[in-house]
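Here is the structure we will look at, set down as structure tokens.
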Amino acid sequence: MSSVTVRVPAKVNVQLSVGPLRDDGYHDLVNVFHAVSVFDEVVAKESDHITVSVVGEWADQVPVDDGNLAIQAARALAKHAGRTYGAHLVIHKSIPVAGGMAGGSADAAGALVACNELWGLGLPFEDLMEIAGDLGSDVPFSLLGGTAVGTGRGEQLSELPTTGSFHWAFAVAQGGLSTAEVYAQCDRQRESAGVEVPWPQVDDALLEALSTGDAATLGARLTNDLQAAALTLRPELVRTLDAGRAEGALGAIVSGSGPTCAFLAADADHAQRLADTLSQLPTCRAALAAHGPVPGPRPSWSSPRP
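Heads up: the sequence shown begins at 1 in this note's numbering, then just goes up one per residue.
Here it is, written out as structure tokens:
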């Protein structure tokens, strides 16, 4: 049986600026995505129906029914192609679930690439990006990889130049956080404070730091407008952030909607030391070192293409 395998990276948001609540329930964003070397692997195998199974450390937290975003992606691809196709998707989970690192979006992107190859559709990247945008705000970047700024809901992407590699440590918290719940908490806090929420703007100093490979400046410019809401819902994360700063992290931030915390390190050795220290915290389920940027998913066949 032929199968196609893709590796899809996690992401960290080095800038997440959230505009006012729109009439449609979304927010306008400036979202600077950065793909890092924590990967899920999605394998698409020939089958009569579209199904999914999940293995790995986080497998028990991932739905295998219609709520799975990879299934939704495969079905959307088949609909776009105008035919009925089948595939059994096997997801090898390494990206934390509900951790603010776009694990579900990564799996959806992996399914699009793998099934496009398995089914011999030959759809161009632009078509896959269009389908990805309908699946969720983070799916297009999971398909793209590298570093990019997203506007609108985050799905309108422009690639950003970077120099060299940036090194990270990630502290994975016990349990997850709902993205919708974090956004709702952010809205409540803003309404309670009576602040006028500004239109989100790209941080030019942060983009310059990415372009020149200036890790110290990037660390100082990390920002996440959802962080206060995430810390309200999970106050124990304050201890995690403080621990990373105490170990010399150049920057410390809640990743996306959390509860994973991201720490920018000076180099690979520093990232590993940070991960080793963070892994000892009672607030931390696991910690790992990674680097970025890394590319988006690319397919590989396990047997000759039919």
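Just so it is clear, CB atoms sit at the ideal spot from N, CA and C, and this is done for glycine as well.
Whether residue i touches residue j by CB criterion (7 Å)
{"i": "A290", "j": "V36", "result": "yes"}
{"i": "L160", "j": "V149", "result": "yes"}
{"i": "F263", "j": "A169", "result": "yes"}
{"i": "Q15", "j": "L206", "result": "yes"}
{"i": "Q272", "j": "A229", "result": "no"}
{"i": "D65", "j": "A106", "result": "no"}
{"i": "A109", "j": "V8", "result": "yes"}
{"i": "G82", "j": "S47", "result": "no"}
{"i": "A98", "j": "G176", "result": "yes"}
{"i": "G56", "j": "K79", "result": "no"}
{"i": "A132", "j": "A74", "result": "no"}
{"i": "V336", "j": "V30", "result": "Within the shown structure, residues of the chain are numbered from 1 to 306, placing residue 336 beyond reach of any answer."}
{"i": "P200", "j": "G19", "result": "yes"}
{"i": "G100", "j": "G258", "result": "yes"}
{"i": "T240", "j": "T283", "result": "yes"}
{"i": "V42", "j": "V54", "result": "no"}
{"i": "Q156", "j": "R285", "result": "no"}
Assigned exposure category for residue i - 16 Cβ within 10 Å defines buried
{"i": "N13", "result": "buried"}
{"i": "P295", "result": "exposed"}
{"i": "S255", "result": "buried"}
{"i": "R298", "result": "exposed"}
{"i": "G136", "result": "buried"}
{"i": "A246", "result": "exposed"}
{"i": "P96", "result": "buried"}
{"i": "D49", "result": "Per the sequence shown, residue 49 should be read as His rather than Asp. Looking at its Cβ environment, which holds fewer than 16 other Cβ atoms inside 10 Å, H49 is exposed."}
{"i": "D311", "result": "The question about residue 311 has no answer, for the chain in this structure spans 1 to 306."}
{"i": "T5", "result": "buried"}
{"i": "G244", "result": "buried"}
{"i": "Q72", "result": "buried"}
{"i": "G213", "result": "exposed"}
For residue j and residue i, the rounded distance between their alpha carbons
{"i": "A44", "j": "G248", "result": "42 Å"}
{"i": "C115", "j": "S3", "result": "9 Å"}
{"i": "G251", "j": "T163", "result": "18 Å"}
{"i": "A266", "j": "L226", "result": "25 Å"}
{"i": "A70", "j": "L77", "result": "11 Å"}
{"i": "K11", "j": "I253", "result": "13 Å"}
{"i": "G219", "j": "H167", "result": "11 Å"}
{"i": "R305", "j": "F125", "result": "In this prediction, R305 scores a pLDDT of 44, lower than 50, which makes its location untrustworthy; the coordinate-derived value is nonetheless stated afterwards. C-alpha separation (whole angstroms): 20 Å."}
{"i": "S158", "j": "L118", "result": "28 Å"}
{"i": "G146", "j": "E208", "result": "16 Å"}
{"i": "T51", "j": "D276", "result": "37 Å"}
{"i": "D134", "j": "L21", "result": "20 Å"}
{"i": "Q329", "j": "S192", "result": "Because residue 329 is not part of the residues shown, which for the chain are 1 to 306, the question remains open."}
{"i": "G292", "j": "L222", "result": "15 Å"}
{"i": "W301", "j": "V38", "result": "21 Å"}
{"i": "G194", "j": "G120", "result": "54 Å"}
{"i": "D242", "j": "M129", "result": "38 Å"}
{"i": "Y26", "j": "Q189", "result": "16 Å"}
{"i": "A180", "j": "G122", "result": "35 Å"}
{"i": "I91", "j": "V182", "result": "26 Å"}
{"i": "L165", "j": "N68", "result": "The sequence as given places Ser at residue 165; Leu does not occur at that position. So the alpha carbons of these two residues sit roughly 32 Å apart."}
{"i": "P235", "j": "C261", "result": "12 Å"}
{"i": "D204", "j": "T217", "result": "12 Å"}
Span of the alpha helix (DSSP H) around residue i
{"i": "D40", "result": "It is not in any alpha helix (DSSP H) - D40 instead sits in the beta strand (DSSP E) that spans H27 to E46."}
{"i": "G103", "result": "G103 to L118"}
{"i": "T277", "result": "A268 to L278"}
{"i": "G133", "result": "F125 to L135"}
{"i": "L264", "result": "Careful: L264 lies outside any alpha helix (DSSP H), inside the beta strand (DSSP E) at C261 to A265."}
{"i": "L144", "result": "V139 to L144"}
Limits of the unbroken beta strand (DSSP E) element including residue i
{"i": "P299", "result": "P299 to W301"}
{"i": "P20", "result": "S3 to L21"}
{"i": "I71", "result": "That residue, I71, is in no beta strand (DSSP E); its alpha helix (DSSP H) goes L69 to A81."}
{"i": "L89", "result": "A87 to K93"}
{"i": "T51", "result": "I50 to G56"}
{"i": "A286", "result": "C284 to G292"}
The ligand MN heavy atom lying under 6 Å from the CB of residue i
{"i": "G248", "result": "Among the components of this structure there are no ligands whatsoever, and the ligand MN is therefore not found."}
Checklist line | Contained beta strand (DSSP E) runs [length at least 3] in the region 193-254, N- to C-terminal order | finding: Runs of the beta strand (DSSP E) inside the region 193-254: 251-254.
Margin query: For a minimum of 4 consecutive residues, which ranges assigned as the alpha helix (DSSP H) are wholly contained in the region 152-193?
Written below: Listed in chain order, the complete alpha helix (DSSP H) runs (minimum 4 residues) inside the region 152-193 are 179-193.
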